[in-house]
Amino acid sequence: MDSEAASKAVLISNSEAWQDLKNHVTEINNTHLRDLLSDEERLKSFIIEHDGVVVDFSRQRATKETLTKLFSLAKEAKLKEKIDKLFAGDHINATENRSVLHVALRAPRDVVITSEGKNVVPDVWNVLDKIKVFSNKIREGSLVGATGKPLTDVVAIGIGGSFLGPLFVHTALKTEPKASELAKGRKLHFLANVDPIDVVRALDGLKQETTLVVVVSKTFTTAETMLNARTLRTWITAALGQGAVSKHMVAVSTNLKLVKDFGINPENAFTFWDWVGGRYSVCSAVGVLPLSIQYGFDTVNRFLQGAWSVDEHFRTTPFDKNLPVLLGLLSVWNVTFLGFPARAILPYCQALEKLAPHIQQVSMESNGKGVSIEGVQLPYETGEIDFGEPGTNGQHSFYQLIHQGRVIPCDFIGVIESQQPIYLKGEVVSNHDELMSNFFAQADALAYGKTSDELRAEGVPEKLIPHKTFKGNRPSVSILLKNVTPFTVGQLLAIYEHRVAVQGFLWGINSFDQWGVELGKVLASRVRAQINASHTKGKAVEGFNYSTTTLLTRYLKESIQVMGSEPDTIFPSHLLEDCT
Ligand SMILES: O=P(O)(O)OC[C@H]1O[C@H](O)[C@H](O)[C@@H](O)[C@@H]1O
Numbered sequence: 001m002d003s004e005a006a007s008k009a010v011l012i013s014n015s016e017a018w019q020d021l022k023n024h025v026t027e028i029n030n031t032h033l034r035d036l037l038s039d040e041e042r043l044k045s046f047i048i049e050h051d052g053v054v055v056d057f058s059r060q061r062a063t064k065e066t067l068t069k070l071f072s073l074a075k076e077a078k079l080k081e082k083i084d085k086l087f088a089g090d091h092i093n094a095t096e097n098r099s100v101l102h103v104a105l106r107a108p109r110d111v112v113i114t115s116e117g118k119n120v121v122p123d124v125w126n127v128l129d130k131i132k133v134f135s136n137k138i139r140e141g142s143l144v145g146a147t148g149k150p151l152t153d154v155v156a157i158g159i160g161g162s163f164l165g166p167l168f169v170h171t172a173l174k175t176e177p178k179a180s181e182l183a184k185g186r187k188l189h190f191l192a193n194v195d196p197i198d199v200v201r202a203l204d205g206l207k208q209e210t211t212l213v214v215v216v217s218k219t220f221t222t223a224e225t226m227l228n229a230r231t232l233r234t235w236i237t238a239a240l241g242q243g244a245v246s247k248h249m250v251a252v253s254t255n256l257k258l259v260k261d262f263g264i265n266p267e268n269a270f271t272f273w274d275w276v277g278g279r280y281s282v283c284s285a286v287g288v289l290p291l292s293i294q295y296g297f298d299t300v301n302r303f304l305q306g307a308w309s310v311d312e313h314f315r316t317t318p319f320d321k322n323l324p325v326l327l328g329l330l331s332v333w334n335v336t337f338l339g340f341p342a343r344a345i346l347p348y349c350q351a352l353e354k355l356a357p358h359i360q361q362v363s364m365e366s367n368g369k370g371v372s373i374e375g376v377q378l379p380y381e382t383g384e385i386d387f388g389e390p391g392t393n394g395q396h397s398f399y400q401l402i403h404q405g406r407v408i409p410c411d412f413i414g415v416i417e418s419q420q421p422i423y424l425k426g427e428v429v430s431n432h433d434e435l436m437s438n439f440f441a442q443a444d445a446l447a448y449g450k451t452s453d454e455l456r457a458e459g460v461p462e463k464l465i466p467h468k469t470f471k472g473n474r475p476s477v478s479i480l481l482k483n484v485t486p487f488t489v490g491q492l493l494a495i496y497e498h499r500v501a502v503q504g505f506l507w508g509i510n511s512f513d514q515w516g517v518e519l520g521k522v523l524a525s526r527v528r529a530q531i532n533a534s535h536t537k538g539k540a541v542e543g544f545n546y547s548t549t550t551l552l553t554r555y556l557k558e559s560i561q562v563m564g565s566e567p568d569t570i571f572p573s574h575l576l577e578d579c580t
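Sequential numbering from 1 applies to the sequence shown in the numbering used here.
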């Protein structure tokens, strides 16, 4: 951006609303959550519900006044207009000149959502209908492999957004009673890492003649995915011959030309569009194809409906009752104004164990930016450091730091009905109650803490009092779901997706590009070229700094001893045994 444009660009941090929030921080810093949690009037407006999802914001370090100030900031940031632009298909991904329309992926057939003047919903449904037909055929065994056997295993190859979302949803549905019944006799496997160890692990126990490989890549150029795709093509053809590719490999991509060039039958290609960002693509064929083969299309359609329920809520609900908006505003409050750069995602539900890794990409790739959407260097940090694990496991691992070390705002996610209830006669509570006791307890432990007076009253020795004191005043959000079903998984996904967008809209950044991942890819190409030149022509390492030259030379010297200087195909032989 030139200096004239830069001077015209008004950063949100120059606004009065921003300054007002900054001034408000001292007041909040002098308030303890113990006091905020005793203000009943405040509590009533801090628990919000939409379509069965209850979100409790009462343990946020915020008052009603804080919210009012955040709403003013939202106005200043033109949040409403930006949300409307998203749904209207405006090119809000300005650096790539694209619409951002993942909401169209879950829109009912009769809804109209346009990009460049064209209603995209019929295109979405054409692909969904094609997936329904295809997945039914695989599931009922009318579409079979090269030797006539049913395709009972699917290996989905993909990385980043072409992996994490589908893995999250698959993990969430695996033990859901109806979904698991529908998946009987089938297995879904993922291959993401280019590490050959991941290949061997993904193929463990699989036979080529009963395996369908789904290559998932928006661009169909991602180095890791394409090498894994070629590796699995070799695995298939070694057993079944070249002709088997068309029966054992299908693709999901926006780049149908490259899919064809790879040798996949274009009829077995399931497309999506450049207005679907990779990390927002689980509701496209990226997730819908493998998940429909595993669980049936109707199950996946309920997942889409759950997401759409939140999309509608997000688009139409006033901000003071709007779950993604409130969550997004409060995250900005925590990160930017209170100065808490991290956030822990803590589901008290094993089925949601892959929520944190998925949201890590959605959030950190979207909002980890250094300049405004106009290209102006930001005087404030954006994004947050997301991490998480299922709650009780985390309690025995990193919660110590959250209780007595740094302040890390937490998302506690609890579920009322377990997918798999267990109760042992004679036990005080059911196994799920035991889990949920922790969900309720942790949020209060963080908020209230424990004072030295309380410890003294319990007779704790004086020298241990500093060690056993909990200052409390540590913020969290509690999200309570009725159950974990395809529908509620869709709701949860959309809540997080829109929350991330709200944060980006407030910070004034482009949450929908990811230029920061490019540099590493370019440098990897140089290293790849060097390794090849050294292996095949004996070329010495050159053009790198001292550090890289030293380690790369060491690596090449020893790896050439393993592979030879003109390597032939190497494939773990046990993967090729007994394959037909
Ligand atoms: O789906 P693909 O084109 O293979 O891309 C896979 C991933 O590649 C890159 O690393 C991007 O940063 C991710 O956003 C993307 O999800």
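Even for Gly, the Cβ is constructed at its ideal location relative to N, Cα and C.
| Item | Value |
| --- | --- |
| Within 10 Å of its beta-carbon, does Ile12 have 16 or more other beta-carbons around it, so buried, or fewer, so exposed? | buried |
| Val169: beta carbon under 8 Å from a heavy atom of ligand 1? | no |
| Is it a yes or a no for the region 104 to 122 touching the region 164 to 184, going by three-plus beta-carbon pairs under 8 Å? | no |
| Determine the direct distance from the alpha carbon of Leu79 to that of His91, and round the result to whole angstroms. | 16 Å |
| By a C-beta neighbour count over all protein chains shown, 10 Å radius and 16 as the cutoff for buried, is Arg490 buried or exposed? | For clarity, residue 490 is Gly in the given sequence; the question names Arg instead. Under this definition Gly490 is a buried residue. |
| Between Cys410 and the rest of its own chain, which residues show a CB-CB distance below 6 Å, the 5 nearest in sequence each way excluded? | Ala344, Leu346 and Ser476 |
| What do you reckon, are the CB atoms on Leu289 and Val252 nearer than 9 Å? | yes |
| Can you grab the Cα-Cα spacing for the pair Leu455 / Gln361, in whole Å? | 42 Å |
| Please tell me whether, using a cut-off of 8 Å, the distance from the CB of Arg230 to the nearest non-hydrogen atom of ligand 1 is below it. | no |
| Does the contact criterion of 3 or more C-beta pairs under 8 Å hold for the region 222 to 229 versus the region 164 to 171? | no |
| Can you tell me which of the three DSSP states Ile28 falls into? | helix |
| When the distance is taken between beta carbons, is Asp320 closer than 9 Å to His498? | no |
| Identify the continuous beta strand (DSSP E) that holds Ala269 and give its terminal residues. | Ala269 to Thr271 |
| Rank Gly277, Asp386, Met436 and Gly296 by C-alpha distance to the C-alpha of Ser331 and give the top, closest one. | Asp386 |
| So the candidates are Leu435, Glu427, Asn367 and Asp444; which of them puts its Cα closest to the Cα of Trp507? | Asn367 |
| How would you label Ser142, buried or exposed, when you count the other beta carbons within 10 angstroms and need 16 or more for buried? | exposed |
| Regarding Ser363 and ligand 1, is the C-beta to nearest heavy atom distance less than 8 Å? | no |
| Exposed or buried, which one is Val127 when buried takes at least 16 other CB atoms within 10 Å? | buried |
| Helix, strand or coil for Asn431 per DSSP? | helix |
| Just the Cα atoms here: how many angstroms apart are Met1 and Glu518? | Residue placement at Met1 is poorly supported in this model, since its pLDDT is 49, which falls under 50; the coordinates still yield a value, given next. Roughly 20 Å between the two C-alpha positions. |
| Kindly indicate which residue of Glu434, Leu86 and Leu481 has the alpha-carbon position closest to the one of Ile422. | Glu434 |
| Would you identify the three-state DSSP class for Ala344, choosing helix, strand or coil? | strand |
| Verify whether the separation of the beta carbon atoms of Ala285 and Thr271 is less than 9 Å. | yes |
| Would you check if the distance between the CB atom of Asn268 and the CB atom of Ser217 is smaller than 9 Å? | no |
| With H, G and I counted as helix, E and B as strand and the rest as coil, what does DSSP make of Gly600? | Only positions 1 to 580 of the chain appear in this structure, which leaves residue 600 out of reach. |
| Using the C-alpha atoms, what's the distance from Gln503 back to Val371? | 14 Å |
| Within the same chain, show all residues whose beta-carbon is closer than 8 Å to that of Phe163, passing over the 5 residues directly before and after it, in chain order. | Ala156, Phe190, Ala192 and Val216 |
| Please name the residue, chosen from Thr231, Tyr280 and Gly52, that lies closest to Val100 on a Cα-to-Cα basis. | Tyr280 |
| Tell me the rounded alpha-carbon separation between Arg186 and Val213. | 14 Å |
| Does the beta-carbon of Gln420, which I'm using as the reference point, lie nearer than 8 Å to any heavy atom of ligand 1? | no |
| Does the Cβ of Val213 lie closer than 8 Å to at least one heavy atom of ligand 1? | no |
| Where does Ser217 sit, in a helix, a strand or coil, going by DSSP? | coil |
| Taking 9 Å as the CB-CB limit, is Val111 close to chain C? | Among the chains of the structure shown, chain C does not appear; only one protein chain is present. |
| For Ser292, count neighbouring C-beta atoms within 10 Å of its own C-beta (all shown protein chains included) and say buried if the count is 16 or more, exposed if not. | buried |
| Would you list the one or two residues that DSSP bridges to Cys410? | Ala344 and Ser476 |
| Beta-carbon separation of Val154 and Ile479 under 9 Å? | no |
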